[in-house]
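Trainee:
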Amino acid sequence: MTETSEPSSAAAPEPIRNRLLSGKFIFVGGALAAALGFLIWTATQGAAVYYHTVSELHAKGDEIQGVLVRVNGIVVDGSIHEADANGIIRFEIEDDTGVLPVQFRGSPPDLFGYAEDDKYSDVIAEGRLLGTGVFEARNLIVKHGPEFEPREIPAQ
Amino acid sequence: MTQELVFLFIGYAVIWVLLFGYLVFVTGRIRGVRDAVHDVRQELDAQRRQASE
Amino acid sequence: MSLAKSVVRRQAVKQPPLFGWRGFIVYTALLVLMAVALYMIFIYAPAERVQGDAHRLLYGHVAVAWLAFLAFGVVAVASVMYLWRRNPRWDSLAVASAEVGVLFTTLTLISGSIWGRHVWGVWWTWDPRLTTTLVLWFIYVAYLALRMYIDNADTRRRVAAIFGIVGFVDVPIVWYSVEWWRSLHPVQSVTRAGLTSEMVLTLVVTVVAFTVFCFVLIRQRYLLERASDEGEGLRDIVRNRLEELRLTGGESTPEAGK
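If you're matching them up, the sequences are chains U, F and X in order. Be aware that the first sequence starts at 16, since it is given in my numbering, and climbs by one per residue. Be aware that the second sequence starts at 519, since it is given in my numbering, and climbs by one per residue. Be aware that the third sequence starts at 23, since it is given in my numbering, and climbs by one per residue.
1) Short of 7 Å Cβ to Cβ, which residues in the region 71 to 98 of chain U face chain X?
2) Could you tell me which chain U residues have their CB closer than 9 Å to the CB of X:Gln242, listed as they occur along the chain?
3) Between X:Thr218 and chain U, is there a C-beta pair that is closer than 9 Å?
4) Does any residue of chain U have a CB that is nearer than 9 Å to the CB of X:Leu80?
5) F:Ala554 touches chain X at which residues, Cβ-Cβ below 7 Å?
6) U:Phe42 to X:Arg151, Cα distance in whole Å?
7) Tell me, please, which residues DSSP counts as bridged to U:Ala152.
8) Pick out whichever of U:Ala46, U:Trp56, U:Val69 has its Cα sitting closest to the Cα of U:Leu144.
9) What is the rounded straight-line gap between the Cα of X:Val58 and the Cα of X:Val227?
10) Near X:Lys27, what residues of its chain come up, given a Cβ to Cβ distance below 8 Å and the 5 sequence neighbours on each side ignored?
11) Going by DSSP, what residue range makes up the alpha helix (DSSP H) through X:Gly123?
12) What separation, rounded to the nearest whole angstrom, lies between the Cα atoms of X:Val124 and U:Val91?
13) Any idea what DSSP makes of X:Phe64, helix, strand or coil?
14) Please classify U:Tyr65: does DSSP put it in a helix, a strand, or coil?
15) What are the residues that DSSP puts in a beta bridge with U:Asn101?
16) Would you say the region 131 to 146 of chain X touches the region 89 to 100 of chain X, given that touching needs at least three Cβ pairs under 8 Å?
17) Where do the ends of the alpha helix (DSSP H) carrying X:Arg257 lie?
18) Grouping DSSP H, G and I as helix and E and B as strand, with all else coil, what is X:Asp75?
19) By the 10 Å Cβ neighbour count, where 16 or more other Cβ atoms means buried, how is X:Gln73 classified, buried or exposed?
20) Let me check understanding here. Comparing Cα to Cα, which of X:Tyr244, X:Phe126, X:Thr233 lies closest to X:Val163?
21) How many angstroms separate the CA atom of F:Thr520 from the CA atom of X:Phe237?
22) So which residues of chain X does F:Arg567 contact, with C-beta pairs closer than 8 Å?
23) Distance check for U:Gly93 and X:Val193, CA to CA, integer angstroms please.
24) Go to F:Val542, then tell me how far its beta strand (DSSP E) extends in each direction, as first and last residue.
25) Quick check: U:Leu155 and X:Val141, are their CB atoms within less than 9 Å of each other?
26) Determine, using beta carbons only, whether X:Thr130 comes closer than 9 Å to chain U.
27) Are there 16 or more other CB atoms within 10 angstroms of the CB of U:Glu167, so buried, or fewer, so exposed?
28) Against chain X, does U:Val43 count as a neighbour if the rule is that its beta carbon must be under 9 Å from one of theirs?
29) Which same chain residues, not among the five before or five after X:Met23, have their C-beta less than 6 Å away from its C-beta?
30) From the DSSP secondary-structure annotation, give me the bridge partner or partners of U:Gln80.
31) Out of curiosity, what's the CA-to-CA distance linking X:Ser219 and X:Gly42?
32) Just to confirm my understanding: we take X:Tyr244, look at its own chain, exclude 5 residues before and 5 after, and list those with CB closer than 7 Å. What are they?
33) Is the CB-CB distance between X:Ala90 and F:Val555 below 9 Å?
34) By the 10 Å Cβ neighbour count, where 16 or more other Cβ atoms means buried, how is X:Trp202 classified, buried or exposed?
35) Over what stretch of residues does the alpha helix (DSSP H) that includes X:Arg151 continue unbroken?
36) Would you mind giving the Cβ-Cβ distance between X:Asp149 and X:His207, rounded to the nearest angstrom? I have them listed as a contact below 8 Å.
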């Protein structure tokens, strides 16, 4: 080799083994680990369950007021009131032992409604229990089971 | 077209476009990598022949 | 490039990437199956009582989710086989399946999100099933990322194999998440679902069509990995040769001793 030491050492293969400990790896690995940790933390923090039932919410008493929670129940037959002047719809949800009035500002999911109208009446409300005992939902999520049935063709 | 049909078509379009796109991408890469490997092999053989002469 | 050179290149390809008459059969079967599945999903299956046509997302969503699990199962089995046999082909199968599995998990998340937006009313929610599935996605993305940063082939394959086996732990967690914890996502149950025979048949055909697609993808990615491995082997030969030159070159490389 006729060249000086500078370029020849630069062209030599670098010791790759050390790349495992290089900054790039630590950065990418750390970012992934942090993202994973954050996901698990968000999923499990606060409430140990994804949603409460209406009865469980009532059992918690005043301490639950103002806390962001999810509550699940079945829409009470005939309880849905169309949007008022402020665009707020009101309805009640119930489980075996409790009833909870809910208010929601916005348009509910397309399939939200009464079972007899071929809609889903099982609903999860995301929001806060107000001092008045009304649950103020800022998100309305329709829940449904694994049942899939063909649509009846109405007999003429 | 109703909203549910729009969601339906977008859902399946995403699935099929990504699957076929991946198939085309990977199959194309096989040819590229094999060509590159072949070239290096030829280059090495040529150098070896040169060195032994 | 010259014609002569391209002819030489053609000859070097040992395993064709699914071309020729075998490829013709496989790809024809795949296209026919996909066409039949499309017909059954959109026309043959009856509209659902509540969801109407939107329920047709079920077939594709269930199929891609199931194949993601299957692909990660292949990763685990191939990883065990690699640790046992130390044959790099098992490692190639593991990485091929992991990448395809990530693709199918991505499709599961996207199709589920679109379906959820229509039926549930939200694109995403931190429900146990959705959360564990996203964790699954991150685990195998991390598996693929990890492989890029270990340069020594043996070390990389061993570390990846262990990761590939341990990572599979999340698959049963995803599967049972809807039964273990309260969730928004419905449980998977063909028996309780009240599907008609048309719906079940559509689901079966769709799953078969996507399974064939999945195996074709894994095979192609496997061939790519084999070719890359060959290139890596050549690179190491060149590196060793350069190292020899550097060491025998003597005083021109002051850092050679390090």
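All C-beta atoms in this analysis are idealised placements derived from N, C-alpha and C, irrespective of residue type, glycine included.
Mentor: Reading it off the structure:
1) Cβ contacts with chain X: none found.
2) What you label residue 242 of chain X is simply residue 220 of the third sequence in a count that begins at 1. Simply none; closest approach about 27 Å.
3) For the purposes of this step, residue 218 of chain X is taken as the residue at position 196 of the third sequence. Output row for X:Thr218: interface = yes.
4) Here residue 80 of chain X is taken as the residue at index 58 of the third sequence, counted from 1. So, interface residue.
5) Stepping through the second sequence from its first residue, residue 554 of chain F is reached at position 36. The answer, in chain order, is Gly253.
6) Position 27 of the first sequence, counted from the first residue, corresponds to residue 42 of chain U. Position 129 of the third sequence, counted from the first residue, corresponds to residue 151 of chain X. If I take the Cα positions, the gap works out to 29 Å.
7) As a position in the first sequence, residue 152 of chain U is number 137, starting the count at 1. Answer is U:Phe119, U:Gly142.
8) Within the first sequence, residue 144 of chain U is the residue found at index 129, counting from 1. Nearest C-alpha to U:Leu144: U:Val69.
9) On the third sequence, residue 58 of chain X is found 36 positions in, with the first residue counted as 1. On the third sequence, residue 227 of chain X is found 205 positions in, with the first residue counted as 1. C-alpha separation (whole angstroms): 8 Å.
10) Counted from its first residue, the third sequence places residue 27 of chain X at position 5. For X:Lys27, the pLDDT reaches just 42, beneath the cut-off of 50, and the residue's location in the model is therefore unreliable, although a value from the coordinates is still provided. Excluding the 5 residues flanking it on each side, X:Lys27 has no same chain C-beta neighbour closer than 8 Å.
11) Taking the third sequence and counting its residues from 1, one reaches residue 123 of chain X at position 101. Per DSSP, X:Gly123 belongs to the alpha helix (DSSP H) from 110 to 141.
12) One-based indexing of the third sequence puts residue 124 of chain X at position 102. One-based indexing of the first sequence puts residue 91 of chain U at position 76. When rounded, the separation of the alpha-carbon atoms in X:Val124 and U:Val91 is 42 Å.
13) For the purposes of this step, residue 64 of chain X is taken as residue 42 along the third sequence, with counting starting at 1. Secondary structure at X:Phe64: helix, using DSSP grouped into helix, strand and coil.
14) For the purposes of this step, residue 65 of chain U is taken as residue 50 along the first sequence, with counting starting at 1. The answer is coil: DSSP assigns U:Tyr65 none of H, G, I, E or B.
15) Here the question's residue 101 of chain U lines up with position 86 in the first sequence. Beta-bridge partners assigned by DSSP to U:Asn101: none are found.
16) No: fewer than three Cβ pairs fall under 8 Å.
17) Counting from one through the third sequence, the residue named residue 257 of chain X turns up at place 235. Counting along the chain, X:Arg257 sits inside the alpha helix (DSSP H) bounded by residues 219 to 270.
18) Your numbering for residue 75 of chain X matches position 53 in the third sequence. Correct three-state label for X:Asp75: helix.
19) As a position in the third sequence, residue 73 of chain X is number 51, starting the count at 1. Buried, because 16 or more other Cβ atoms sit within 10 Å of the Cβ of X:Gln73.
20) Residue mapping note: residue 163 of chain X aligns to position 141 of the third sequence, counting from 1. Proximity to X:Val163 across X:Tyr244, X:Phe126, X:Thr233 peaks at X:Phe126, based on C-alpha coordinates.
21) Against the second sequence, residue 520 of chain F aligns to sequence position 2. Against the third sequence, residue 237 of chain X aligns to sequence position 215. If I take the Cα positions, the gap works out to 35 Å.
22) Residue 567 of chain F sits at position 49 when you count from the first residue of the second sequence. Near F:Arg567 there are no residues of chain X at all, since even the closest Cβ is about 15 Å away, more than 8 Å.
23) The residue given as residue 193 of chain X occupies position 171 in the third sequence. The residue given as residue 93 of chain U occupies position 78 in the first sequence. So the two alpha carbons sit approximately 42 Å from each other.
24) As a working note, residue 542 of chain F is residue 24 in the second sequence. Boundaries around F:Val542 are those of the alpha helix (DSSP H), 521 to 570, since no beta strand (DSSP E) includes it.
25) Position 140 of the first sequence, counted from the start, is the residue given in the question as residue 155 of chain U. Position 119 of the third sequence, counted from the start, is the residue given in the question as residue 141 of chain X. In this structure, U:Leu155 keeps its C-beta atom at 9 Å or more from the C-beta atom of X:Val141.
26) Taking the third sequence and counting its residues from 1, one reaches residue 130 of chain X at position 108. So no, X:Thr130 is outside the interface.
27) To locate residue 167 of chain U, count along the first sequence from 1; it is residue 152. Counting C-beta atoms within 10 angstroms of its own C-beta, U:Glu167 has fewer than 16 neighbours from the protein chains shown and is therefore classed as exposed.
28) Start at 1 with the first residue of the first sequence, and residue 43 of chain U comes out as number 28. With 9 Å as the cut-off, U:Val43 counts as an interface residue toward chain X.
29) Walking along the third sequence from the start, residue 23 of chain X turns up at place 1. For X:Met23, the predicted structure reports a pLDDT of 38, less than 50, and the residue's modelled location is therefore unreliable. A value from the coordinates is still provided. Apart from the 5 residues on each side of it in sequence, X:Met23 has no Cβ closer than 6 Å to any other Cβ in its chain.
30) As a first step, residue 80 of chain U is located in the first sequence; it is residue number 65 there, counting from the start. Per DSSP, U:Leu144.
31) Taking the first residue of the third sequence as position 1, residue 219 of chain X is located at position 197. Taking the first residue of the third sequence as position 1, residue 42 of chain X is located at position 20. Cα to Cα, X:Ser219 sits roughly 38 Å from X:Gly42.
32) Taking the third sequence and counting its residues from 1, one reaches residue 244 of chain X at position 222. Same-chain partners within the cutoff: Ser114, Leu115, Ala118.
33) Counting from one through the third sequence, the residue named residue 90 of chain X turns up at place 68. Counting from one through the second sequence, the residue named residue 555 of chain F turns up at place 37. Going by C-beta atoms, X:Ala90 is not nearer than 9 Å to F:Val555.
34) Here residue 202 of chain X corresponds to residue number 180 of the third sequence, with the count starting at 1. Under this definition X:Trp202 is an exposed residue.
35) Position 129 of the third sequence, counted from the start, is the residue given in the question as residue 151 of chain X. Taken as a continuous stretch (DSSP letters only), the alpha helix (DSSP H) holding X:Arg151 covers 150 to 170.
36) As a first step, residue 149 of chain X must be located in the third sequence, where it is residue number 127. As a first step, residue 207 of chain X must be located in the third sequence, where it is residue number 185. About 6 Å separates the CB atoms of X:Asp149 and X:His207; that is less than 8 Å, so the two are in contact.
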